[in-house]
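One structure is given here, and the rest of the page talks about it.
2 protein chains.
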Amino acid sequence: MGKKGIPEIVIERLPRYYRCFRALRGKREKISSHELAAEMHTSASQIRLDLSHFGGFGLQGYGYNVEELHTKLGQILGVDQAQYYVIVGAGRLGRAIANFPVFQEVGFSLAGIFDIDDSVIGQDIGGVRVSHADGLARFLGEHPVRIGIITTPAEAALGVAEIFRAAGVGGILNFAPVDIAPTRQLPVTNIHLTDRLLSLSWRIMHREQEQDVSRKDVCSLQNTTKE
Amino acid sequence: MGKKGIPEIVIERLPRYYRCFRALRGKREKISSHELAAEMHTSASQIRLDLSHFGGFGLQGYGYNVEELHTKLGQILGVDQAQYYVIVGAGRLGRAIANFPVFQEVGFSLAGIFDIDDSVIGQDIGGVRVSHADGLARFLGEHPVRIGIITTPAEAALGVAEIFRAAGVGGILNFAPVDIAPTRQLPVTNIHLTDRLLSLSWRIMHREQEQDVSRKDVCSLQNTTKE
DNA sequence: TAGATTGTTAATCGATTAACAATC
DNA sequence: TAGATTGTTAATCGATTAACAATC
Numbered sequence: 001m002g003k004k005g006i007p008e009i010v011i012e013r014l015p016r017y018y019r020c021f022r023a024l025r026g027k028r029e030k031i032s033s034h035e036l037a038a039e040m041h042t043s044a045s046q047i048r049l050d051l052s053h054f055g056g057f058g059l060q061g062y063g064y065n066v067e068e069l070h071t072k073l074g075q076i077l078g079v080d081q082a083q084y085y086v087i088v089g090a091g092r093l094g095r096a097i098a099n100f101p102v103f104q105e106v107g108f109s110l111a112g113i114f115d116i117d118d119s120v121i122g123q124d125i126g127g128v129r130v131s132h133a134d135g136l137a138r139f140l141g142e143h144p145v146r147i148g149i150i151t152t153p154a155e156a157a158l159g160v161a162e163i164f165r166a167a168g169v170g171g172i173l174n175f176a177p178v179d180i181a182p183t184r185q186l187p188v189t190n191i192h193l194t195d196r197l198l199s200l201s202w203r204i205m206h207r208e209q210e211q212d213v214s215r216k217d218v219c220s221l222q223n224t225t226k227e
Numbered sequence: 228m229g230k231k232g233i234p235e236i237v238i239e240r241l242p243r244y245y246r247c248f249r250a251l252r253g254k255r256e257k258i259s260s261h262e263l264a265a266e267m268h269t270s271a272s273q274i275r276l277d278l279s280h281f282g283g284f285g286l287q288g289y290g291y292n293v294e295e296l297h298t299k300l301g302q303i304l305g306v307d308q309a310q311y312y313v314i315v316g317a318g319r320l321g322r323a324i325a326n327f328p329v330f331q332e333v334g335f336s337l338a339g340i341f342d343i344d345d346s347v348i349g350q351d352i353g354g355v356r357v358s359h360a361d362g363l364a365r366f367l368g369e370h371p372v373r374i375g376i377i378t379t380p381a382e383a384a385l386g387v388a389e390i391f392r393a394a395g396v397g398g399i400l401n402f403a404p405v406d407i408a409p410t411r412q413l414p415v416t417n418i419h420l421t422d423r424l425l426s427l428s429w430r431i432m433h434r435e436q437e438q439d440v441s442r443k444d445v446c447s448l449q450n451t452t453k454e
């Protein structure tokens, strides 16, 4: 099977597999779908089907080679190539993201950070000087920016998204509490932290009917696979 | 239909409806499922089925009353009651979250913030003094904390989760790049920002086969509903 | 009343799980 | 070779969409 028609939901799971194989490096040479399913609290079937979308990474009677899968999944996710991103909105969340060590580890470099508040312009954040947002469009025209991250207040977010779109930025990661609509040309991931807090709040109030992990060991990391 | 057996996926969508009705307040008195679907880029069927899980909020021939739905959805999500949360990990991300205005707007109050770094202990973050994490278990025993937010490095996260569990905290929102397993007693939402960045990276590299929004108007917010 | 729009049931679609032949 | 474990197809399960009777 080629790279066409891979369900979106499989793509969303891919980073988790990557993370798992990354953590396994050095610890073991190989792992079977069943062992991995136990680690990840999923099913072996799902792992095999998910991975098979990208080619035959496993070996019958052996399993998956940890080193190989780590490399292959990294390539699939674009971790092997340097990628540049910019942050618009140099508030607390923007600063936090600018300093995420994992982003760097994974090959993403901060190319620029922008704001409209004169009092923060010129400050050094994550090794980069904050510039005025007026210069954003121009900056994007001169630098190869793959990802635009929005950490502005809600009001500013759509305007920034439009600048990103016009400049041909590859994709948007939006943290402003507004939904930015993706298009075929411009994938967008909207991350609404408050939404996650609220759905968690609901689940807390209704925890009785939570997933029926058998109670023998409440905080265990025991897997619930049946296969 | 009662509150039993509502699919998890519906719950995850609920905050989005809430956000939408919140934004509509004052602007209009009522809205039909079709109009709302256009706003939200979903289908009217899905909206009607989702909302019907919680009771008959709509009125035939009229639609949904904005004010009423805002109130009802707020109640369902627990926004009407004061809820306390603590943050463990007073780094940049922890500070950012402590200052999220939307969390407060929605009824969540920061009860405490903890770290192990002596140089940050005693600092004021979001109106709360940073305490040493050694005092976390005791603090939880003395205060009614609904949600525990983890913004520590990966290594510390499981230990903190265990303290939360032992203290009977209602639920966990985890930002550390580790999966904390939920149990029936303790719902957990793991938010892996790097995972979202990586799946976006894949989508950028494969944007050709993105969802086929018709190209007539690339950046439009035009709805794609068919019903 | 006639038109609009819900709540809900039935039909469709997609995702997960189970099963097993292929093969290391 | 025999045992293990994959990749893949078929069966099941769940979620979305379509249709429509109920009713404001």
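Chains as they are written, first to last, in my numbering: chain W, 1 to 227; chain C, 228 to 454. In this text, a Cβ means the ideal position worked out from N, Cα and C, and glycines have one as well.
| Item | Value |
| --- | --- |
| Test: aspartate 422 of chain C CB closer than 8 Å to a CB of chain W | yes |
| Candidates C:Gly334, C:Gly305, C:Ile324 and C:Glu256, of which the one nearest valine 177 of chain C by Cα | Any property of residue 177 of chain C remains undetermined from this structure, which presents chain C solely from 228 to 454. |
| Chain-ordered chain C contacts of valine 102 of chain W [CB-CB under 7 Å] | Pro404 and Thr421 |
| Assigned exposure category for histidine 419 of chain C - 16 Cβ within 10 Å defines buried | buried |
| Span separating the alpha-carbon of serine 260 of chain C from that of isoleucine 180 of chain W | 21 Å |
| Of the listed residues C:Ser426, C:Met267, C:Phe281 and C:Ala388, nearest to asparagine 401 of chain C (C-alpha basis) | C:Ala388 |
| Amino acids of chain C, ordered along the chain, whose beta-carbon sits closer than 9 Å to that of phenylalanine 164 of chain W | Under the 9 Å cutoff, chain C gives no residues; its nearest Cβ is about 10 Å from phenylalanine 164 of chain W. |
| Near-chain W residues of the stretch 373–388 of chain C - C-beta to any C-beta below 7 Å | Arg373 and Ile374 |
| Alpha helix (DSSP H) segments (min. 4 residues) lying fully within the stretch 257–313 of chain C | 260–267, 271–279 and 293–304 |
| CB contact flag (isoleucine 376 of chain C, valine 313 of chain C, <8 Å) | yes |
| Isoleucine 236 of chain C beta carbon near the ligand FAD (any heavy atom closer than 7 Å) | Ligands displayed in this structure: none; no statement on the ligand FAD is therefore possible. |
| Selection from C:Ala323, C:Glu382, C:Val372 and C:Pro371 that minimises the alpha carbon distance to glycine 353 of chain C | C:Ala323 |
| Beta-bridge partners of serine 131 of chain W, as assigned by DSSP | W:Phe114 |
| C-alpha gap between leucine 278 of chain C and glycine 362 of chain C, whole angstroms | 43 Å |
| Rounded straight-line distance, which links the Cα of proline 242 of chain C to that of leucine 236 of chain C | Sequence check: residue 236 of chain C is isoleucine here, not leucine. So the two alpha carbons sit approximately 11 Å from each other. |
| Span of the beta strand (DSSP E) around valine 415 of chain C | 415–417 |
| Residue-chain proximity (phenylalanine 280 of chain C, chain W), Cβ-Cβ < 8 Å | First, the amino acid is wrong: residue 280 of chain C is histidine here, not phenylalanine. Cβ-Cβ to chain W under 8 Å: no for histidine 280 of chain C. |
| Closest by C-alpha distance to serine 428 of chain C, when choosing among W:Phe54, W:Glu12 and W:Tyr17 | W:Glu12 |
| Interface flag, alanine 264 of chain C vs chain W, CB-CB below 8 Å | no |
| Contacts of tyrosine 18 of chain W in chain C (Cβ-Cβ under 9 Å) | Asp422 and Leu425 |
| C-alpha distance - alanine 82 of chain W paired with valine 315 of chain C, whole-angstrom precision | 33 Å |
| Rounded separation between leucine 367 of chain C and phenylalanine 54 of chain W - CA only | 47 Å |
| Aspartate 344 of chain C classed as buried or exposed, judged by whether at least 16 other C-beta atoms fall within 10 angstroms | exposed |
| Reduced DSSP category for aspartate 351 of chain C - H, G, I as helix; E, B as strand; rest coil | strand |
| Within chain W, the residues that isoleucine 418 of chain C reaches when beta carbons sit closer than 9 Å | Ile191, Leu193 and Arg196 |
| Phenylalanine 248 of chain W at chain C interface by Cβ criterion, 8 Å | The structure shown does not extend to residue 248 of chain W, since chain W spans only 1 to 227, so no value can be given for it. |
| For leucine 286 of chain C and serine 275 of chain C, the rounded distance between their alpha carbons | The question names serine, but residue 275 of chain C is arginine in the sequence shown. Taking the straight line joining both Cα atoms gives about 11 Å. |
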